[in-house]
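Protein chains in written order, with my numbering: chain A, 74 to 244; chain B, 497 to 887. Backbone N, C-alpha and C fix where the C-beta goes; we use that ideal spot for every residue, glycine too.
What follows is the structure in structure tokens.
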């Protein structure tokens with residue numbers, strides 16, 4: 074099979090997985106089922122990263138989102154009374170507003186599909202920094218963009234401290 | 497890659513050997529897991545001064561087969577109020593992730609399914625997905641003890657994954673690569689197993705690995721004396737067997753990571769010392785010694801069927817030993833022999849610890865993880881970095 078067809082096939086299969094998973098995530102009544110479908114979606118995204126030769130990003134996507142965040146999600150969901158949540162109304166009544174927003178997005182998509190790829194200006198990949206290589210990633214994070222990286226980590230630290238402060242009754 | 501005697505079309509050629517290895521792994525691993533269980537029961541019996549399984553086959557050697565058949569033909573019970581879909585899915589997640597993780601293990605220079613440039617990271621991420629199987633299994637049973645087991649397991653795994661990761665970073669800094677094969681080559685080039693550069697990291701990794709695989713003294717998620725069987729209390733028959741398989745596959749995977757990163761992978765001891773080249777013939781010797789002991793055992797058996805069985809096993813061992821005399825075969829088996837030997841030594845230590853150390857209390861577990869292992873692992877990374885910059 075030619076390479077291009079295989080590439081396209083992978084992309085469409087992954088797209089179906091991601092979109093299907095996302096739709097199932099928001100339509101399930103049971104929160105645990107939603108979480109499982111969200112895992113499927115995140116797996117699909119990791120697959121897309123792999124498809125784009127970003128192995129590091131794919132591995133980190135699975136490690137952080139599925140192995141970390143989704144596990145904590147499930148941990149919390151298990152402590153919640155699901156029967157009560159299932160009785161509540163699943164969707165709110167603002168569908169008219171939502172419809173307008175969706176229509177606008179649809180028109181945008183249609184416009185760009187008509188114009189074709191020429192209407193997008195793709196940024197040139199930076200010098201090495203965007204290559205999916207682990208070493209290059211490390212160089213980018215810890216040398217080229219050290220200050221933004223440290224600022225982000227400081228922000229996270231502040232967020233953690235805030236969470237601890239709110240969770241703890243006496244300090 | 498070994499040369500194949502016949503050729504495939506170039507478009508599928510790179511996939512042939514890995515596909516073959518996958519089939520071998522999936523087909524053979526359940527059997528190996530069964531025999532690890534037998535090993536565990538025998539070692540336990542030895543530590544507790546008794547004989548262990550002795551009835552099925554000579555010295556209980558066929559016990560795993562009997563266990564497997566029993567599990568497969570047992571009634572499959574799904575609790576009435578369980579979430580059937582999730583109940584069905586959970587053990588599958590556990591088994592699939594555990595077996596996929598095996599595909600990244602470098603069993604030898606030739607025998608591996610995949611060697612990616614993010615190998616170790618990918619292994620960690622796959623095993624972290626395996627936690628979902630435990631959590632979902634515990635939740636979907638709709639029963640108290642499994643839920644408690646699942647909650648404990650989540651908290652424990654999330655806590656110890658941090659220490660595990662930091663311990664591995666220490667080893668990775670010395671290796672300078674995430675690829676599992678390159679790690680072994682790095683140890684060959686630096687002429688040193690990384691356990692000697694990173695003893696602290698190895699100890700932390702080992703403790704965290706015990707916790708990750710739910711082994712005593714960290715077996716809170718399935719503590720029999722507290723919560724029946726933890727997350728798989730409601731599972732029976734085949735589904736239970738799947739959980740069991742996943743657990744032992746995970747044990748093999750964490751031992752393999754320890755062996756690959758810290759204990760020289762498939763290298764023989766002192767691979768650079770010419771004087772010790774005779775160690776290359778160790779697989780042959782091992783097979784013949786094994787054959788000798790099996791024949792010795794056969795001569796001591798009373799029942800003729802046991803005698804015949806053991807003699808047959810001895811003959812197979814001797815034949816394999818003869819096969820290893822062919823240089824090409826020996827070269828192929830070389831790495832595999834040392835790798836499996838090291839993995840089983842690590843597994844033996846796991847089992848040994850299980851039957852000598854009592855279980856920790858939950859708060860003790862958390863204290864060890866957060867107050868000791870994680871700070872120690874971080875300090876190890878910092879010290880390693882400073883030493884590497886200075887020298």
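message = Within 10 Å of its beta-carbon, does residue 584 (chain B) have 16 or more other beta-carbons around it, so buried, or fewer, so exposed?
response = exposed
task = May I ask you to list, following chain order, the residues of the region 590-617 of chain B that have a beta carbon less than 7 Å from some beta carbon of chain A?
result = 612, 613, 614, 617
message = Distance cutoff 7 Å, beta carbons only. Does residue 140 (chain A) sit that close to anything in chain B?
response = For residue 140 (chain A), the answer is yes, since a Cβ of chain B falls inside 7 Å of its Cβ.
Any C-beta of chain B under 7 Å from that of residue 201 (chain A) = Annotation note: pLDDT 47 at residue 201 (chain A) (below 50); position unreliable, no value reported.
task = Report all residues from its chain with a CB closer than 8 Å to the CB of residue 843 (chain B); omit the five preceding and five following residues, and keep chain order.
result = The residues are 532, 535, 747, 748, 751.
inquiry  = Is the beta carbon of residue 728 (chain B) closer than 7 Å to that of residue 734 (chain B)?
reply    = no
Straight-line gap, residue 832 (chain B) to residue 602 (chain B) (C-alpha atoms, nearest Å) = A direct Cα-to-Cα measurement between residue 832 (chain B) and residue 602 (chain B) gives close to 9 Å.
request  = Answer yes or no: does any C-beta atom of chain B fall closer than 7 Å to that of residue 92 (chain A)?
outcome  = no
request  = Establish whether the CB of residue 78 (chain A) and some CB of chain B are separated by less than 7 Å.
outcome  = no
query = Is it right to say residue 82 (chain A) is buried, meaning 16 or more other beta carbons lie within 10 angstroms of its own, or is it exposed?
reply = exposed
ask   = When the cut-off is 7 Å and only beta carbons count, does residue 631 (chain B) lie next to chain A?
value = Chain A, which has a Cβ nearer than 7 Å to the Cβ of residue 631 (chain B), makes this yes.
Residues near residue 659 (chain B) by beta carbon distance below 7 Å, same chain, minus five either side = 700, 704, 865, 869, 870, 873
ask   = Which residues, in order along the region 641-666 of chain B, keep a beta-carbon less than 8 Å from a beta-carbon of chain A?
value = 643, 646, 647, 650, 651, 653, 654, 657
task = For residue 547 (chain B), name the three-state secondary structure that DSSP assigns.
result = coil
query = Do you know how far the Cα of residue 172 (chain A) is from the Cα of residue 166 (chain A)?
reply = Spanning the alpha carbons of residue 166 (chain A) and residue 172 (chain A) requires a straight line of approximately 11 Å.
inquiry  = I'd like the list of long-range same chain contacts for residue 738 (chain B), defined as Cβ closer than 6 Å, with 5 residues on each side in sequence excluded.
reply    = Cβ within range, chain order: 587, 591.
task = Go ahead and pull the three-state DSSP assignment for residue 201 (chain A).
result = Model confidence at residue 201 (chain A) stands at a pLDDT of 47, short of 50, so the residue's coordinates are unreliable and nothing is read from them.
ask   = Name the chain A residues that come within less than 7 Å of residue 625 (chain B), Cβ to Cβ?
value = 135, 139, 140
Contacting residues, own chain, Cβ-Cβ under 6 Å from residue 880 (chain B) (five flanking each side not counted) = For residue 880 (chain B), where only same-chain residues beyond five positions count, the Cβ hits under 6 Å are 666, 669.
message = Please classify residue 566 (chain B) as buried or exposed, where buried requires at least 16 neighbouring CB atoms within 10 angstroms.
response = By the neighbour-count rule (16 or more Cβ atoms within 10 Å), residue 566 (chain B) is not buried but exposed.
query = Under 9 Å Cβ-Cβ, which residues of chain A neighbour residue 621 (chain B)?
reply = 119, 131, 132, 133, 134, 135, 136, 137, 139, 140
Complete alpha helix (DSSP H) runs within the region 642-717 of chain B (minimum length 4 residues, chain order) = 676-685, 690-693, 695-708
message = Considering only the alpha carbon of each residue, which of B:867, B:672, B:626 lies closest to residue 859 (chain B)?
response = B:867
request  = Excluding the 5 residues preceding and the 5 following residue 107 (chain A) in the sequence, name in chain order all residues of the same chain whose CB lies nearer than 6 Å to its CB.
outcome  = 98, 101
task = Output the boundary residues of the alpha helix (DSSP H) element that contains residue 754 (chain B).
result = Residues 733-758.
ask   = With DSSP run on the structure shown, which of helix, strand or coil describes residue 831 (chain B)?
value = Per DSSP, reduced to three states, the secondary structure at residue 831 (chain B) is helical.
inquiry  = Just verifying my parser: in three-state terms, what is the DSSP assignment at residue 571 (chain B)?
reply    = coil
ask   = From residue 798 (chain B) to residue 804 (chain B), what distance separates their C-alpha atoms?
value = Distance between the alpha carbons of residue 798 (chain B) and residue 804 (chain B): 11 Å.
inquiry  = Less than 7 Å between CB atoms is the rule here; does residue 497 (chain B) satisfy it with respect to chain A?
reply    = At residue 497 (chain B), the pLDDT of 45 sits below 50, so the modelled position is not reliable; the number obtained from the coordinates is stated separately. Residue-level contact by beta carbon fails for residue 497 (chain B) and chain A, as no gap is shorter than 7 Å.
message = Tell me the DSSP secondary structure of residue 80 (chain A) in three-state form.
response = helix
ask   = Taking the continuous alpha helix (DSSP H) assigned at residue 153 (chain A), which residues delimit it?
value = It is not in any alpha helix (DSSP H) - residue 153 (chain A) carries neither H nor E in the DSSP assignment.
ask   = Under 7 Å, do residue 713 (chain B) and residue 537 (chain B) count as touching if we go by C-beta distance?
value = no
message = Let me make sure I understand the geometry here. Which of A:234, A:134, A:124 has the alpha-carbon closest to that of residue 617 (chain B)?
response = A:134
message = Contact between the region 630-649 of chain B and the region 669-688 of chain B is defined here as three or more beta-carbon pairs at a separation below 8 Å; is this criterion met?
response = no
inquiry  = One question on the structure: do residue 756 (chain B) and residue 679 (chain B) come within less than 7 Å of each other, judged by their Cβ atoms?
reply    = Result yes, Cβ atoms of residue 756 (chain B) and residue 679 (chain B) sit closer than 7 Å.
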